[in-house]
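Undergrad:
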Amino acid sequence: MDRFEELINESNLELMCDFLHTFISKIELYEKVPGKKNSREVRLHGHIPALTGIAEASPGGIEPPL
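The sequence shown begins at -1 in my numbering and counts up by one.
1) Would you tell me roughly how many angstroms separate the C-alpha atoms of Lys34 and Leu18, rounded to the nearest one?
2) In the DSSP assignment, the beta strand (DSSP E) including His43 goes from what residue to what residue?
3) Report the rounded CA-to-CA distance for Val40 versus Phe21, giving the unit in angstroms.
4) What three-state label does DSSP hand Ser37 in the structure shown?
5) Between the alpha carbons of Ile46 and Leu13, how many angstroms are there, rounded?
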């Protein structure tokens, strides 16, 4: 995330696409409001992936095997 501005720009389209595929799962675009410039509501849905790569959650925690 420290390099966010560097990643999200037109000169680095491949990294920008990778970023969007990783963090954004759904984009909702709503109708424009008549008579208002830039009035479209946009909602982004996503998640922050676990750094461990574990895709499961456990209420008691996950302990590594010894």
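Even for Gly, the Cβ is constructed at its ideal location relative to N, Cα and C.
In this text, all values refer to a predicted model and were calculated from it rather than measured experimentally.
TA: Concretely, from the data shown:
1) 28 Å
2) 40 to 44
3) 16 Å
4) coil
5) 17 Å
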